[in-house]
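Chemist:
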Amino acid sequence: MMVETVNVTTAEKATAVPTVRKKRKWTADHWLAAVFLAPSVILIFLFVYGFIGWTGYVSVSNWNSLVPDWSFAGLKNYQYLFQDFRFQADLRNTLVFTVLFIAVVIVLGQLLAILLDQKLRGESLFRNIFFFPMALSFVVTGVVWQWLFNPSTGVNLFLKPLGLDSKWYTDTTILGGFQWGKIEFGVPLAMIAVVVAAVWQMTGFAVAMYLAGLRAIPDEVREAARMDGATEFQLYWKIVLPLLRPITASVIIIMAHISLKIFDLVYAMTGPGANFVTDVPGVYMFETTFRGNYYANGAAIAIVMLLSVAMFIVPYLVSSRKGGS
Amino acid sequence: MRKKASAWLALALGVGMALSGCSSSSSSSDDANQGSQKAGEKLEIFSWWTGAGEEDGLKALIKLFQEKYPDIEIENAAVAGGAGTNAKAVLASRMQGNDPPSTFQVHGGAELNEGWVAAGKMEPLNDLYEQEGWMDKFPKALIDMVSKDGNIYSVPVNIHRGNVLWYNKKVFADNGLQPPKTFDEFFQVADQLKAKGITPLALGDKEPWTATHLFETVLLGTLGTDNYQKLWTGELSFDDPKVKQAVETFKKMLGYINEDHSSRNWQDAAQLVAEGKAAMYVMGDWAKGYFVNDLKLKVNEDFGYVPTPNTDGKFMVITDTFGLPKGVKNSDDVKKFLAVLGSVEGQDVFNPLKGSIPARIDADPSKYDEYGKQTMQDFKTAELAPSLAHGSAAPEGFVTKVNQAVNIFVTQKDVNSFTDTLVSAAAELKK
Numbered sequence: 217m218m219v220e221t222v223n224v225t226t227a228e229k230a231t232a233v234p235t236v237r238k239k240r241k242w243t244a245d246h247w248l249a250a251v252f253l254a255p256s257v258i259l260i261f262l263f264v265y266g267f268i269g270w271t272g273y274v275s276v277s278n279w280n281s282l283v284p285d286w287s288f289a290g291l292k293n294y295q296y297l298f299q300d301f302r303f304q305a306d307l308r309n310t311l312v313f314t315v316l317f318i319a320v321v322i323v324l325g326q327l328l329a330i331l332l333d334q335k336l337r338g339e340s341l342f343r344n345i346f347f348f349p350m351a352l353s354f355v356v357t358g359v360v361w362q363w364l365f366n367p368s369t370g371v372n373l374f375l376k377p378l379g380l381d382s383k384w385y386t387d388t389t390i391l392g393g394f395q396w397g398k399i400e401f402g403v404p405l406a407m408i409a410v411v412v413a414a415v416w417q418m419t420g421f422a423v424a425m426y427l428a429g430l431r432a433i434p435d436e437v438r439e440a441a442r443m444d445g446a447t448e449f450q451l452y453w454k455i456v457l458p459l460l461r462p463i464t465a466s467v468i469i470i471m472a473h474i475s476l477k478i479f480d481l482v483y484a485m486t487g488p489g490a491n492f493v494t495d496v497p498g499v500y501m502f503e504t505t506f507r508g509n510y511y512a513n514g515a516a517i518a519i520v521m522l523l524s525v526a527m528f529i530v531p532y533l534v535s536s537r538k539g540g541s
Numbered sequence: 093m094r095k096k097a098s099a100w101l102a103l104a105l106g107v108g109m110a111l112s113g114c115s116s117s118s119s120s121s122d123d124a125n126q127g128s129q130k131a132g133e134k135l136e137i138f139s140w141w142t143g144a145g146e147e148d149g150l151k152a153l154i155k156l157f158q159e160k161y162p163d164i165e166i167e168n169a170a171v172a173g174g175a176g177t178n179a180k181a182v183l184a185s186r187m188q189g190n191d192p193p194s195t196f197q198v199h200g201g202a203e204l205n206e207g208w209v210a211a212g213k214m215e216p217l218n219d220l221y222e223q224e225g226w227m228d229k230f231p232k233a234l235i236d237m238v239s240k241d242g243n244i245y246s247v248p249v250n251i252h253r254g255n256v257l258w259y260n261k262k263v264f265a266d267n268g269l270q271p272p273k274t275f276d277e278f279f280q281v282a283d284q285l286k287a288k289g290i291t292p293l294a295l296g297d298k299e300p301w302t303a304t305h306l307f308e309t310v311l312l313g314t315l316g317t318d319n320y321q322k323l324w325t326g327e328l329s330f331d332d333p334k335v336k337q338a339v340e341t342f343k344k345m346l347g348y349i350n351e352d353h354s355s356r357n358w359q360d361a362a363q364l365v366a367e368g369k370a371a372m373y374v375m376g377d378w379a380k381g382y383f384v385n386d387l388k389l390k391v392n393e394d395f396g397y398v399p400t401p402n403t404d405g406k407f408m409v410i411t412d413t414f415g416l417p418k419g420v421k422n423s424d425d426v427k428k429f430l431a432v433l434g435s436v437e438g439q440d441v442f443n444p445l446k447g448s449i450p451a452r453i454d455a456d457p458s459k460y461d462e463y464g465k466q467t468m469q470d471f472k473t474a475e476l477a478p479s480l481a482h483g484s485a486a487p488e489g490f491v492t493k494v495n496q497a498v499n500i501f502v503t504q505k506d507v508n509s510f511t512d513t514l515v516s517a518a519a520e521l522k523k
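Protein chains in written order, with my numbering: chain A, 217 to 541; chain B, 93 to 523.
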């Protein structure tokens, strides 16, 4: 995740070269920079934009078997998708997952960061404990939480004597359900189990971000507030949290693009789930393309995923570009 | 202006970088260890045999081959995943990228014929069959399953039976019950078990093919072999009253399954029967391998087996075969391997360990256990029907759509919407 933010800035630098050219003459340094950057720029154009374009082309073709068929299909594949029960369920699930996941990560991340910021002993130990899950692959997280939430094992062994018989991710109930198109719109209970696993994995990242943010707030600010008679609660609510807003924006962007294209966690933990209560576009795309050999349909799903991520990333990049220069 | 343009460029680059950054983790590990071996002309055997029993069988087969041909280097390129779901994905991307393994596991029937053969990716093996004298050693119905337009495209190594109802002997004896032969008997038995607080039927549909598997046995039992076959040629429509009747029966059966079915895979469901928590289980006879090899149960002592309701004398056949992809450099070596695979010796070293029966009719029954002997006998006399869930009856794309429809049906139990989906998916079958 950190790598990406770095990438964005190198990309900005890469394009800064031509703007500089107008003012000054190109020195050897500039040529050197251009030579060094050229391979990665070319590779990215080929392997990122080239393949995005290619996927886009496949998504409007008739290639829905093992034999490639490049004839133009128009928007047929997209039309099929949006009428498809499974894809409608996927969109609902993605929305529910994204909203719950980001909200919990932000609240928990701020809370834990503020607690950690109290200059307590063994802080680095706690920091590592919270950050450790980040080191795991989503697949590992998925398998572990699958065991924990299995209705006949895991946490249920403790919950059953208490009279709680939870079905967790096998539950097909959809809360607040009202019919919308073919699907029931609401919060699938099974999705909450997946959100818990995802939160467990990613909260540490938010904690680290917020902790860095808290450390960047000068002590003078807090002291001034205290001098003015603010309580600790007021201090955090009125002063510290508003100062952390730029960090919240970054956390939202990073978490949103993870959650919108999540695949491995869901695939390992629940799969599509009964009645597709835990299915997400990533899983659907994988099964359509590589199991059903519906390459055009799969490409259409991938393009929809790309657009949904772009909806978050593009405004952010535009705004950060404006703020930065 | 220039500044604005460069801002957009930066934006575009940034989006691309951010998008590509996180998605690489899931795919790279798979690709890294495959495909690089072809330069060394190793004989790469691609399969999804990584489970207990099946892996032993494959290794025994490889050992036999290496005794005969010590000079040929072999690479076992098995990919894990139930019923080959992951392996098929890996295979599809390798075949599309013109990087085929030397030989690969493929179910006989539509998966082979409508898939790889139709895509022009397979070499015919007629000369190998003639050279080895196989034409009368495999049943004709089986050779037809691996043939398209008069050419034979793969060598069957084993036969699995899909329509088996496994039951817990102790549970049945304790309750004074007989294993059901018809759907009526099934529901009688199921009601009695339910009254005693025992789950009558185990299901583990975390991977939806298991529910499709149950459904296809109900289809076969309700329609009979002829009508069942007609479904795949388009002669019988999926909104036929007989199909609806099968769907109703399937729906009724789903009222007797374990509650946590969607969190279990097929092995987990088999465990319920082994532990006596559930009484019956419909699964192919690889379940026997799991019972015997992994759970250390005894055939006809701890668990028994009968054909699924109304399918006595019918044999839902699933056959694993290996073929020769086009563009393989060491095709002579591959043919040597296929020859061993199709020999009596090869089949008898592989199948007892895998828990399947040989595809050849002249194999040695004394090497097989009680279940194997009886199934070999049934295979010679029964009517053969291709399995839908395992890709023999219809192409993968259709199977994927059926799996989706079944997944929805298990929860919603809407008969009309289910058959409607099947009808619209079946439009692709008629060619």
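Don't be surprised by glycine CBs; every beta carbon is placed ideally from N, CA and C.
1) Are A289 of chain A and A515 of chain A close, meaning C-beta to C-beta below 8 Å?
2) Kindly list, in the order they appear in chain B, the residues whose Cβ is closer than 9 Å to that of N280 of chain A.
3) Using a Cβ-Cβ distance cut-off of 8 Å, determine whether W208 of chain B contacts chain A.
4) Contact defined as beta carbons within less than 8 Å: I believe E133 of chain B pairs with N422 of chain B. What is the distance between those atoms, to the nearest angstrom?
5) Could you run through the segment 301-322 of chain A and flag, in chain order, every residue whose CB is less than 8 Å away from some CB of chain B?
6) Just how far apart, CA to CA, sit G420 of chain A and F347 of chain A?
7) Check whether chain B comes within 8 Å of E503 of chain A, counting only Cβ atoms and requiring the distance to be less than that.
8) Would you mind stating whether L55 of chain B and N178 of chain B have Cβ atoms separated by less than 8 Å?
9) Under the DSSP definition of a beta bridge, which residues are partnered with V374 of chain B?
10) Let me check one thing: in DSSP terms, what residues is H199 of chain B bridge-paired to?
11) Return yes when the Cβ of A472 of chain A is within less than 8 Å of the Cβ of T314 of chain A, no when it is not.
12) For N411 of chain A, which option in A:K477, A:K383, A:G392, A:L316 has the closest C-alpha, if you only look at C-alpha atoms?
13) Using a Cβ-Cβ cut-off of 8 Å, state whether A490 of chain A counts as contacting chain B.
14) Beta-carbon separation of A451 of chain B and L234 of chain B under 8 Å?
15) Mapping DSSP to helix, strand and coil, what is L248 of chain A?
16) Check whether the segment 197-213 of chain B touches the segment 405-415 of chain B, taking contact to mean three or more Cβ pairs, one atom from each stretch, closer than 8 Å.
17) Can you list, in chain order, the residues of the segment 493-509 of chain B whose Cβ is nearer than 8 Å to any Cβ on chain A?
18) Do Y426 of chain A and L405 of chain A have their C-beta atoms within less than 8 Å of each other?
19) From E475 of chain B to P487 of chain B, what does the alpha carbon distance come to, in whole angstroms?
20) Can you look up D512 of chain B in the DSSP assignment and give me helix, strand or coil?
21) Name the DSSP beta bridge partners of Q395 of chain A, please?
22) Pull up the distance between the alpha-carbon of A248 of chain A and that of P255 of chain A, whole angstroms please.
23) Under the assumption that G434 of chain B contacts V247 of chain B (Cβ atoms under 8 Å), give the Cβ distance between them as a whole number of angstroms.
24) Check whether chain A comes within 8 Å of S116 of chain B, counting only Cβ atoms and requiring the distance to be less than that.
25) Tell me the residue span of the beta strand (DSSP E) that contains L293 of chain B.
26) Could you tell me which chain B residues have their CB closer than 9 Å to the CB of V283 of chain A, listed as they occur along the chain?
27) What does DSSP give as the partner residues of N250 of chain B in its beta bridges?
28) Can you pull out the residues from the segment 342-366 of chain A whose beta carbon lies closer than 9 Å to at least one beta carbon of chain B?
29) In whole angstroms, what is the alpha-carbon distance linking W416 of chain A and L373 of chain A?
30) Which residues in chain A sit within 8 Å of T177 of chain B, going by Cβ to Cβ distance?
31) Since I believe K273 of chain B is in contact with D404 of chain B (beta carbons under 8 Å), could you give me their beta-carbon distance rounded to a whole number of angstroms?
32) Does the count of Cβ pairs from the segment 379-395 of chain B and the segment 328-341 of chain B closer than 8 Å reach three?
33) Per DSSP, what kind of secondary structure is L135 of chain B in: helix, strand or coil?
34) Using DSSP's beta-bridge definition, name the partner residues of N168 of chain B.
35) Given a cut-off of 8 Å, decide if K380 of chain B and G487 of chain A are closer than it, judged by their beta-carbon atoms.
36) Is W141 of chain B buried or exposed, if buried means 16 or more other CB atoms sit within 10 Å of its CB?
Modeler: For this structure:
1) The residue given as residue 289 of chain A occupies position 73 in the first sequence. The residue given as residue 515 of chain A occupies position 299 in the first sequence. No; because the gap between Cβ atoms is not below 8 Å, this pair is not in contact.
2) What you label residue 280 of chain A is simply residue 64 of the first sequence in a count that begins at 1. Neighbours of N280 of chain A on chain B, chain order: G489, E520.
3) In the second sequence, counting from the first residue as 1, residue 208 of chain B sits at position 116. For W208 of chain B, the answer is yes, since a Cβ of chain A falls inside 8 Å of its Cβ.
4) Taking the second sequence and counting its residues from 1, one reaches residue 133 of chain B at position 41. Taking the second sequence and counting its residues from 1, one reaches residue 422 of chain B at position 330. Confirmed, about 5 Å.
5) F301, R302
6) By 1-based counting over the first sequence, the position of residue 420 of chain A is 204. By 1-based counting over the first sequence, the position of residue 347 of chain A is 131. If you take the alpha carbons of G420 of chain A and F347 of chain A, they lie about 4 Å apart.
7) Numbered from 1 along the first sequence, position 287 holds the residue referred to as residue 503 of chain A. With 8 Å as the cut-off, E503 of chain A counts as an interface residue toward chain B.
8) The structure shown does not extend to residue 55 of chain B, since chain B is modelled only from 93 to 523, so the question has no answer here.
9) Locating residue 374 of chain B in the second sequence gives position 282, counting from the first residue. According to DSSP, V374 of chain B bridges with B:L257.
10) Counted from its first residue, the second sequence places residue 199 of chain B at position 107. Note: H199 of chain B sits in a beta bridge opposite B:D412.
11) Taking the first residue of the first sequence as position 1, residue 314 of chain A is located at position 98. Taking the first residue of the first sequence as position 1, residue 472 of chain A is located at position 256. Contact: yes.
12) The sequence position of residue 411 of chain A within the first sequence is 195, counting from 1. Here residue 411 of chain A turns out to be Val, not Asn, going by the sequence shown. Nearest option by C-alpha distance: A:L316.
13) In the first sequence, the residue the question calls residue 490 of chain A occupies position 274. With 8 Å as the cut-off, A490 of chain A counts as an interface residue toward chain B.
14) What you label residue 451 of chain B is simply residue 359 of the second sequence in a count that begins at 1. What you label residue 234 of chain B is simply residue 142 of the second sequence in a count that begins at 1. Contact flag set, yes.
15) What you label residue 248 of chain A is simply residue 32 of the first sequence in a count that begins at 1. Residue state, collapsed to three classes: helix.
16) yes
17) K493, Q496, N499, I500, V502, T503, Q504
18) Here residue 426 of chain A refers to the residue found at position 210 when the first sequence is read from its first residue. Here residue 405 of chain A refers to the residue found at position 189 when the first sequence is read from its first residue. Not a contact, by the Cβ cut-off of 8 Å.
19) The residue labelled residue 475 of chain B in the question sits at position 383 within the second sequence. The residue labelled residue 487 of chain B in the question sits at position 395 within the second sequence. The straight-line gap from Cα to Cα measures roughly 22 Å.
20) Working through the second sequence from its first residue, we reach residue 512 of chain B at position 420. It is helical.
21) Taking the first sequence and counting its residues from 1, one reaches residue 395 of chain A at position 179. Looking at the DSSP assignment, Q395 of chain A forms a beta bridge with A:E400.
22) Taking the first residue of the first sequence as 1, we reach residue 248 of chain A at position 32. Taking the first residue of the first sequence as 1, we reach residue 255 of chain A at position 39. According to the sequence provided, residue 248 of chain A is Leu. The question's Ala does not apply to it. If I take the Cα positions, the gap works out to 12 Å.
23) Within the second sequence, numbered from 1, the residue matching residue 434 of chain B stands at position 342. Within the second sequence, numbered from 1, the residue matching residue 247 of chain B stands at position 155. Right, their Cβ atoms sit about 4 Å apart.
24) Along the second sequence, read from residue 1 onward, the residue named residue 116 of chain B stands at position 24. Reliability of the predicted coordinates at S116 of chain B is poor, the pLDDT of 38 falling under 50, and the value obtained from them is presented with this limitation in mind. Answer no: the Cβ-Cβ gap between S116 of chain B and chain A never drops below 8 Å.
25) Numbered from 1 along the second sequence, position 201 holds the residue referred to as residue 293 of chain B. Residues 291-294.
26) Here the question's residue 283 of chain A lines up with position 67 in the first sequence. Here the neighbours are A210, A211, G212.
27) Residue mapping note: residue 250 of chain B aligns to position 158 of the second sequence, counting from 1. Partner(s): B:D412, B:P450.
28) S353, F354, V355, Q362, F365, N366
29) Residue numbering aside, residue 416 of chain A sits at position 200 when the first sequence is read from its first letter. Residue numbering aside, residue 373 of chain A sits at position 157 when the first sequence is read from its first letter. Roughly 21 Å between the two C-alpha positions.
30) In the second sequence, counting from the first residue as 1, residue 177 of chain B sits at position 85. Those are R507, listed as they occur along chain A.
31) Taking the second sequence and counting its residues from 1, the one referred to as residue 404 of chain B is at position 312. Taking the second sequence and counting its residues from 1, the one referred to as residue 273 of chain B is at position 181. So it is a contact: roughly 6 Å between Cβ atoms.
32) no
33) Against the second sequence, residue 135 of chain B aligns to sequence position 43. Correct three-state label for L135 of chain B: strand.
34) By 1-based counting over the second sequence, the position of residue 168 of chain B is 76. DSSP, once it has assigned bridges, lists B:I137 as partnering N168 of chain B.
35) Translated into the one-based positions of the first sequence, residue 487 of chain A becomes position 271. Translated into the one-based positions of the second sequence, residue 380 of chain B becomes position 288. Cβ distance not < 8 Å, so G487 of chain A and K380 of chain B don't count as in contact.
36) Here residue 141 of chain B corresponds to residue number 49 of the second sequence, with the count starting at 1. Burial call: buried.
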